[in-house]
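So the sequence shown is numbered by our numbering: it starts at 186 and just counts up by one.
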Amino acid sequence: MDGKKIGIIIVVFTVVIFLVACIVTFKGKNLLAVEAGAQQEVGQKIELEVNSEKSDIRLPVWEPSGQYVDLDKLILVNKQNPVGKDFIPKDLVRPAYRAQNRNPDDQYLTREAADALDKLACDALGEGHEIVVTTAYRSYNLQNYLYNNYVKKDGKELADKYSAQPGKSEHQTGLAVDVSSPSVNYKLVKEYGNTTEGKWLAENSWKYGFIIRYLEGQEDVTGYTYEPWHLRYVGQEAATVIKDKGITLEEYLNK
Ligand SMILES: [Zn+2]
Numbered sequence: 186m187d188g189k190k191i192g193i194i195i196v197v198f199t200v201v202i203f204l205v206a207c208i209v210t211f212k213g214k215n216l217l218a219v220e221a222g223a224q225q226e227v228g229q230k231i232e233l234e235v236n237s238e239k240s241d242i243r244l245p246v247w248e249p250s251g252q253y254v255d256l257d258k259l260i261l262v263n264k265q266n267p268v269g270k271d272f273i274p275k276d277l278v279r280p281a282y283r284a285q286n287r288n289p290d291d292q293y294l295t296r297e298a299a300d301a302l303d304k305l306a307c308d309a310l311g312e313g314h315e316i317v318v319t320t321a322y323r324s325y326n327l328q329n330y331l332y333n334n335y336v337k338k339d340g341k342e343l344a345d346k347y348s349a350q351p352g353k354s355e356h357q358t359g360l361a362v363d364v365s366s367p368s369v370n371y372k373l374v375k376e377y378g379n380t381t382e383g384k385w386l387a388e389n390s391w392k393y394g395f396i397i398r399y400l401e402g403q404e405d406v407t408g409y410t411y412e413p414w415h416l417r418y419v420g421q422e423a424a425t426v427i428k429d430k431g432i433t434l435e436e437y438l439n440k
């Protein structure tokens, strides 16, 4: 074999090796992509299952029945002051800053509260804190479904400490919103109060008309344990007083 032939063999061999390497890499990437797709599909499937389960029990916000209340933003809804089954706030819209892994049907607020929430989230983001809506408006029927599930899981006594009975949840007013951030994986956990986002909220949400509704040590008044993620829109005037005095909405309203 002369030098020229050996040269050609080496070139052909190198090209073959290169091609094989390319194919293996491409297949590997494809496999990763397929795996990611499969994971996504599983996630979507779970969400779809939950949705289909809910779909026949929940009252969609566009449901023509119901009262469509033009409500007072200082409305008090708690264990002693429930609202009816048909109580649906007027003018529900979805804020822009929403967690994408949640059901968009659960992310409505009244227009005024939604605008205020977007302003809050936008300013927070400007300071490096991602704060988004996980869930907001909940119909009576959806609350009924959730509450009964909690009772099944934890028993009535414990469930009553962290979940509202249907009609007794502020979420039915479209003025209450549960927010979260990537630092706690968009979960609703007490540690949220110690994150930079949770601290930012406690410090600044009043400027946008929101209060942290269920504060630590105020369980006797509010009926609920500490929830650093649960914001309630009351408007700037009330929020300023409530924050300054460190009181609850019940105390502000003298109830
Ligand atoms: Zn809440």
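Every residue, glycine too, gets a C-beta built ideally from N, C-alpha and C.
From a predicted model like this one, the values you see are computed outputs, not experimental measurements.
The set of residues with a C-beta under 5 Å from any non-hydrogen atom of ligand 1 comprises D363, H415, given in chain order. Measuring C-alpha to C-alpha distances from D255 to each of T380, F272, N263 identifies F272 as the nearest. A contact between stretches requires three or more CB pairs, one per stretch, nearer than 8 Å, and the stretch 332 to 344 fails this requirement with the stretch 274 to 287.
For a cut-off of 8 Å, the C-beta gap from Y335 to S354 is around 12 Å, too long to register as a contact. Per the DSSP secondary-structure output, V364 pairs in a beta bridge with V318.
Per DSSP, the unbroken beta strand (DSSP E) holding Y399 starts and ends at 395 to 399. Nearest to E297 by C-alpha distance, out of E436, Y409, G394, is G394. With respect to K258, Y418 sits close: the two C-beta atoms are nearer than 8 Å.
For L434 against L310, the beta-carbon gap comes to about 27 Å, at or over 8 Å, which does not count as contact. Here the C-alpha atom of Y371 lies approximately 24 Å from the C-alpha atom of N333. Between T319 and L373, the beta carbon gap of about 7 Å places them in contact (Cβ cut-off 8 Å). DSSP places P289 within a helical segment (H, G or I) once states are collapsed to three. The beta carbon of K375 is closer than 7 Å to those of Y411, P413 in its chain, skipping five residues each way along the sequence. Between G383 and the set H415, N326, H356, the nearest pair of CA atoms involves H415. In this structure, W391 sits away from T358, with a CB-CB distance that is not shorter than 8 Å.
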